[in-house]
Structure formats: C-alpha cells, structure tokens
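Numbering (my numbering), first residue to last: 12 to 351. Backbone N, C-alpha and C fix where the C-beta goes; we use that ideal spot for every residue, glycine too. To start, the structure under review is shown below, and the notes come after it.
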Ligand SMILES: C[S@@+](CC[C@H](N)C(=O)[O-])C[C@H]1O[C@@H](n2cnc3c(N)ncnc32)[C@H](O)[C@@H]1O
C-alpha cells in the first residue's frame, strides 16, 4: 500500500507504519538540527525520519524491531536512491544490535507509544528513554528523542532541552535533546517556518494591556505549551516596542501591537475592525455594511449555542470577507485575519 502523508515522495508502507511515520517538514527540521557524521535512528519504523537523516548526515544506522516495517524502510530507501543507511533488524536494546554499531555522534529514537492511554506517560515509551541512554552510553553521549507533546514538564525528569513543535497550526511534537544537543532548557518552533524561540536567562516581564492595539497576534500552541509567551514578547520588543500581552479569557491570549509583525510563531495575525457592545444585531449591521459573509466566533459560549449565535451574526450576510469575533469583559472585538 502506498499512501501520502505530507510526503512529497510517496512512502511504501502498511497502514500502521504510515500512521506513525514522521511528517516530512518535521523529519527535515530534525535532520537539519541533528546534522552530523554518524547517527543512529534506533526505532526507525518505515524510515520517515531515517531517510531525512541520510540527506544531512554522512552515514545512518537504522534499527527496527518489526521485520515488516524495516522491509518497507529498505524499499523506501531504494526508491529514493538512498545508499548511506545500514538497516539492522532487532531490538535496539539488545547487545546483538548495539554490537553492530560504531561510535555515534547522535542516537535518535522516535519510540512507539501505546495507542490509547488515559494520560501520556514517559514510562510507556518503547524503547524507553532511560534504557536507551544506559544501553548506548558506551558509544554516544548525544541523544535525541521524540516524546508525547501532552506531557507536562514534571513528567520529564531529565536534564534535557524540551522542544515543543507545532505543525500547520497544531501542537504536534515534543523533542528532547541531551548532551551537546541541548541548547536551552525549553524551546519552541512552528513548522513550516523558521522562527525558533529558546528560554534565556532573566527577561523583562511582559506588559499586559486591557485593550488591543490595531494588530493582534495569536501565538502558536508550541509557544504557550513551552511556557515561552513572555520570552516571545521580550524578543519581539526589538521589532515592536509596544508589544504586549492581551488576555481575553481563561483560554485565549493574544499579543497586541500598533505595528504589523511577521513571525512563524504566530498562528494567526489579526487587524482590529471594531470594538463594540455584544449586541448581535448591531454587529450584524456593521458586517453587512462592510461586505462580510462569515464570522468565526472565538468566545466562551456553550457548544449547543454556537450555531444560534453564529446564525444570528451572519443573518443576511453575503459578502466575501471573514471576521473573527472575540469577547472580553462583555465587549465584542472584531478582527480580520491579515494575509501574510
Ligand atoms: C513511532 S514509530 C517510528 C516511526 C519513524 N520515526 C518514522 O518516521 O517512520 C516507532 C517504532 O519503534 C519500533 N520499536 C519499538 N520498540 C523497539 C525496540 N525495542 N527496538 C527497535 N524498534 C522498536 C516500533 O516497531 C515502531 O516501528
């Protein structure tokens, strides 16, 4: 079976293999970050990540416990004309597999996780992080792992960098970097895009505003999950001195500025249209007058009321424009997404 999953090149796989394969933008990003001479991907699956390591590293060792998956990985390498990977079938924690490896610049693992878990746990990864680090201690001191992004920091009891990653606007991955690969305690990156944010030492506390300026920016979830919103504000100050945090409600926080800023760590960039009372017919007439056709409601309303509210706001609208409506302290704030 050949299926596409954000792969420019079609990967050959069974259903399970493609489901867990690394999306191409993630594989490319990690391969660039881990670029070195000799790397091992010790749970390579059908090769989604290992094939990208082969593009950036001199030589790749790819281990996989499931013979069917590694057969797909080999086929994928052949199709793509990749010849700098040695595939090893076996348990990555076994001495038989480890004995086949030389000294390695980097050991990487995107381990298997149980398909269903009430709460994600670092202990249920296979192969497990502590076991890998112990088994490979003799041949490498630089490790990188993928872990479930839902894990809270206290569930990651290691001295490593936690890199939260968004892909196409959604929190997608958590990468852990050890040894010389660690560049900060915590970082965030949103793909596709090139802006990366890393926690530094002391930063000035961010200013909070009660009213939004002309432009508002919705941070990617990787930034908030990493706890790096204030860090982002501190870094954006170089570009826009008035950048501030604009808390809307418990679930929604935007950044606000009079200046238009571009950054791939913004999921959405908005221009303010109107701040008014939450009077739906008044909002509806404004939207009608200004050629709007749709309103995305971004407020804390009960799910069963969502469409009633939206139908009222969109009543008789026939324009092409789309508004986004937030509500803070009973005031409606209408924005339009900026095209960057
Ligand atoms: C999430 S998948 C990896 C996907 C891969 N990164 C890709 O992009 O195609 C995890 C893989 O780890 C393999 N695995 C689990 N335990 C292992 C072990 N002890 N040794 C080697 N491979 C293992 C599983 O068979 C599975 O294919």
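{"Asked": "Among the candidates 268, 213, 277, whose CA atom is the shortest distance from the CA of residue 229?", "Found": "277"}
{"Asked": "So, at 8 Å on beta carbons, what are the nonlocal neighbours of residue 287 in its own chain, with the 5 sequence-adjacent residues on each side left out?", "Found": "293, 294, 297, 342, 343, 345"}
{"Asked": "Confirm, please, whether the CB-CB distance from residue 96 to residue 103 is below 7 Å.", "Found": "no"}
{"Asked": "Three-state secondary structure (DSSP) at residue 173?", "Found": "strand"}
{"Asked": "Report the option in 110, 32, 320 whose CA atom is closest to the CA atom of residue 312.", "Found": "320"}
{"Asked": "For residue 64, report the span of its alpha helix (DSSP H) as first-last.", "Found": "61-67"}
{"Asked": "Do residue 156 and residue 259 have their C-beta atoms closer together than 7 Å?", "Found": "no"}
{"Asked": "Using the Cα positions of residue 195 and residue 285, report the straight-line distance between them to the nearest angstrom.", "Found": "41 Å"}
{"Asked": "Kindly list the residues whose CB is nearer than 6 Å to the CB of residue 253, restricted to its own chain and excluding five residues on each side of it in sequence; keep chain order.", "Found": "268, 269"}
{"Asked": "Ligand 2 and residue 64: does any heavy atom of the ligand fall closer than 6 Å to the residue's C-beta?", "Found": "Ligand 2 is not part of the structure shown, which contains ligand 1 as its ligands."}
{"Asked": "Please state the DSSP three-state secondary structure of residue 227.", "Found": "strand"}
{"Asked": "Can you check DSSP and say which residues form a bridge with residue 75?", "Found": "100"}
{"Asked": "Is the segment 300-314 close to the segment 234-252, with three or more CB pairs under 8 Å?", "Found": "no"}
{"Asked": "When DSSP labels each residue in this structure, what does residue 40 get in the three-state scheme?", "Found": "helix"}
{"Asked": "Within the chosen definition, does the segment 215-226 reach the segment 186-201 through at least 3 CB pairs nearer than 8 Å?", "Found": "no"}
{"Asked": "Is residue 24 a contact residue of ligand 1, with contact defined as CB to any heavy atom under 6 Å?", "Found": "no"}
{"Asked": "With DSSP as the reference, identify every bridge partner of residue 344, one or two as the case may be.", "Found": "286, 337"}
{"Asked": "For the alpha helix (DSSP H) holding residue 8, just list the boundary residues, first then last.", "Found": "Look at the range of the chain in this structure, 12 to 351, and you will see that residue 8 is not part of it."}
{"Asked": "If we ignore side chains and look at the alpha-carbon of each, how far apart do residue 135 and residue 124 end up?", "Found": "6 Å"}
{"Asked": "Spell out a yes or no on whether the segment 75-95 and the segment 141-153 are touching, meaning 3 or more CB-CB pairs, one atom from each, closer than 8 Å.", "Found": "no"}
{"Asked": "Report the CB separation of residue 162 from residue 133 in whole angstroms; it is logged as a contact under 8 Å.", "Found": "6 Å"}
{"Asked": "Residue 207 by DSSP, collapsed to three states: which one?", "Found": "strand"}
{"Asked": "So residue 59 packs on residue 82, CB below 8 Å; how close in whole Å?", "Found": "With a Cβ gap of about 15 Å, residue 59 and residue 82 do not count as contacting."}
{"Asked": "To the nearest angstrom, how far is the alpha carbon of residue 120 from that of residue 51?", "Found": "8 Å"}
{"Asked": "Rounding to the nearest angstrom, what Cα-Cα distance links residue 154 and residue 334 in this structure?", "Found": "46 Å"}
{"Asked": "By how many angstroms is the C-alpha of residue 101 removed from the C-alpha of residue 71?", "Found": "16 Å"}
{"Asked": "At a cut-off of 6 Å, would you count residue 190 as near ligand 1, judging by its Cβ distance to the nearest heavy atom?", "Found": "no"}
{"Asked": "Would you kindly check if the distance between the Cβ of residue 197 and the Cβ of residue 210 is under 7 Å?", "Found": "yes"}
{"Asked": "What did DSSP end up calling residue 317 once you bin it into helix, strand or coil?", "Found": "helix"}
{"Asked": "Whole angstroms is fine: what's the gap from residue 34's alpha carbon to residue 291's?", "Found": "42 Å"}
{"Asked": "Which whole-angstrom value describes the C-beta separation of residue 202 and residue 150, a residue pair presumed to lie in contact below a C-beta threshold of 8 Å?", "Found": "Going by Cβ atoms, the distance from residue 202 to residue 150 rounds to 30 Å, so no, they are not a contact pair."}
{"Asked": "By DSSP, does residue 57 sit in helix, in strand, or in coil?", "Found": "coil"}
{"Asked": "Look at the Cβ atom of residue 62, then the Cβ atom of residue 93, and state whether they are nearer than 7 Å.", "Found": "yes"}
{"Asked": "Leaving out the 5 sequence neighbours to the left and right, which residues in its chain are closer than 6 Å to residue 307 when beta-carbon positions are compared?", "Found": "335"}
{"Asked": "What's the gap between the Cα of residue 56 and the Cα of residue 99?", "Found": "11 Å"}
{"Asked": "In the DSSP output, what is residue 264 paired with across the bridge?", "Found": "258"}
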